[in-house]
Amino acid sequence: GGVYLGAENSGNWPITGGTGDFLGVTGVVEETFDDTTLSSTRVIRITDNPPSTQRPTESPTVAVPPTSAPTISQEPSFAPFDVVCRGTTIIETHAWTQPIVLANGTLVGDPSITGPGDVWTNVGTVFDDTGVRPLGFLGEMCTVVDFNDKWFCEGTYRDLRGCSGQLTFSGVYLGSQLGGNWSILGGTGDFEGATGSVQEMFDENDLTSTRVISISEFREPTDTPTTLPTELITEFPTFAPPPTSPPITESPTEALTEFPTFVPAPIVCQDTIIVETHFWLSPIITASGDLIFGDPSATGPGDVWTNVATVVVGSQQSGLIGEMCTVIDGNDKWFCEGTYRNLGGCSGQLTFSGTYDGSQLGGNWSITGGTGDFEGVDGQVLESFNENTFMSTREITITEARVRTARPTSAPTPTMAPQTLNPTS
């Protein structure tokens, strides 16, 4: 999160975290945009990539009020993966002064009037339950999924009582009561494989949000959950079982090694084909703020499709998915990122991009990467949508998982200046 000055066509953003090769990094991203050639040049300065071998013994001093974001030098150091992040309850408070952006572009400050496509973003310092002692840093975005007050949130915490990483959660936020109750879908870094809940209360007088984050479990590669939280499953109607998926082999027994070593995905998540189905009952939100139900043929650039649903593999309720797909251009190209929990034994974030033909109700995407069990994977996602049952069927083919055995100790030295791009070529 940072500042982009449109008048100067330049931006300056502190790095709050990352995954994969960028796990635990800090630094800054500087960007300049040439509106003549439509080319953007970024200078990414990675100033700190600690090896996650030691936890800070004391919290950093952040001499800023709750409504201000810390400078880069005030960023807390990255916390290693440790038992301190398991089986624990963390209470944090943060100021939430940014407005809600409705799907039609209107800005409001009242969460009781939200609807599908509305977005609430926040970047700022995180404090303890007294609102005085700084704990770390938070950058996140929450999107309203449907008319039942269901929200889908993705955020990056840096040093939340010693825990750092991305955290994904979904559930109901009742604007009339200024409170939310979400289930944790997954995470990265110290939140890798986490389950649990997030409860939130918002004080509209001082614009302060208080969260109780309960982390109840970390799934190891040898675990394959067979049940899901009943409060999420019962929200979805029953339906006929989908086509039977190919058999899935058992997960390996070796445990995760210590960061920063990159651990290969379990064998069950490599060189395999997984067929899953899920309801997609949420509307498409167009760039102009209109809602489209069940007709992806009318999409255009900037349109967004969000979804949180139970995933079925074979005839079994296998897991959960929370994701967001965005239309990139006028050629039906989509970009999707989502979090799967227990997709045939695999959990993590999965990112893919490609063409979705709305007239044929089908998509063909290439996998661009992932986290957790999908770390470094390649492959493709084929999707078909039944507009009568609102059921989406995906065939996910994972062909490879990139394995890294060590983290680079230094950045390469640039040997050439950025080239000028010709947008007409």
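Just so you know, the working numbering puts 493 at position 394 of the sequence shown, and the rest follows in order with no gaps.
Even glycine gets a Cβ: it sits at the ideal position worked out from N, Cα and C.
This one's a predicted model, so the numbers in the text were calculated from it and none came from an experiment.
Residue i in three-state terms, based on DSSP
i	result
Pro198	coil
Ile466	strand
Leu327	Its pLDDT being 36, under 50, Leu327 is placed unreliably in this model, and the coordinates cannot settle the point.
Asp472	helix
Ala386	coil
Ser396	helix
Asp289	helix
Thr496	strand
Phe121	helix
Thr170	Any answer about Thr170 is weak, because its pLDDT of 36 lies below 50 and its placement is not dependable; what the coordinates show is given next. Residue state, collapsed to three classes: coil.
Pro155	Residue placement at Pro155 is poorly supported in this model, since its pLDDT is 37, which falls under 50; the coordinates are not used for a value here.
Sheet register partners of residue i (DSSP bridge)
i	result
Gln415	Val412
Ser139	Phe132
Asn304	BP columns for Asn304 are empty, so no partner.
Thr450	Glu436 and Gly468
Asn280	Val271 and Gln298
Gln479	Ser465 and Thr496
Ile145	Gly126
Glu191	Arg310
Asn406	Glu422
Glu375	Val412 and Arg493
Ile391	Ile383
Cys445	Leu442
Asp456	Gly461
Asn485	Met490
Residue i vs residue j beta-carbon contact at 8 Å
i	j	result
Pro210	Leu306	no
Leu206	Pro215	no
Pro192	Thr309	Looking at the sequence provided, one finds Thr at residue 192 rather than Pro. Yes, Cβ-Cβ distance for Thr192 and Thr309 is below 8 Å.
Glu422	Gly399	no
Ala408	Gly457	no
Ser109	Val244	no
Val225	Leu237	yes
Thr451	Ile466	The amino acid at residue 451 is misidentified as Thr; the sequence shows Phe. Contact: yes.
Thr498	Val374	no
Leu449	Ser483	no
Gly288	Ser313	no
Ser446	Gly471	yes
Gly388	Ala202	yes
Ser417	Leu390	no
Arg260	Ile189	yes
Gly292	Ser315	no
Met490	Phe392	no
Trp464	Val480	yes
Anticipated Cβ contact below 8 Å, residue i with residue j, distance rounded
i	j	result
Phe279	Gly285	It should be noted that the sequence gives Gly, not Phe, for residue 279. No, Gly279 and Gly285 are not in contact; Cβ-Cβ is about 18 Å, not under 8 Å.
Glu130	Ser139	6 Å
Thr405	Lys432	So it is not a contact: roughly 18 Å between Cβ atoms.
Cys184	Phe290	7 Å
Ile384	Asp402	7 Å
Leu273	Asp248	6 Å
Val128	Arg141	6 Å
Phe473	Cys368	7 Å
Residue-level contact to chain D via CB, residue i, 8 Å cutoff
i	result
Gln298	Among the protein chains of the structure shown there is no chain D, as only one such chain exists.
Checklist entry - Which runs of the beta strand (DSSP E), 3 residues or longer, sit entirely within the stretch 199-276? => result 218-226, 233-243, 249-259 and 262-273
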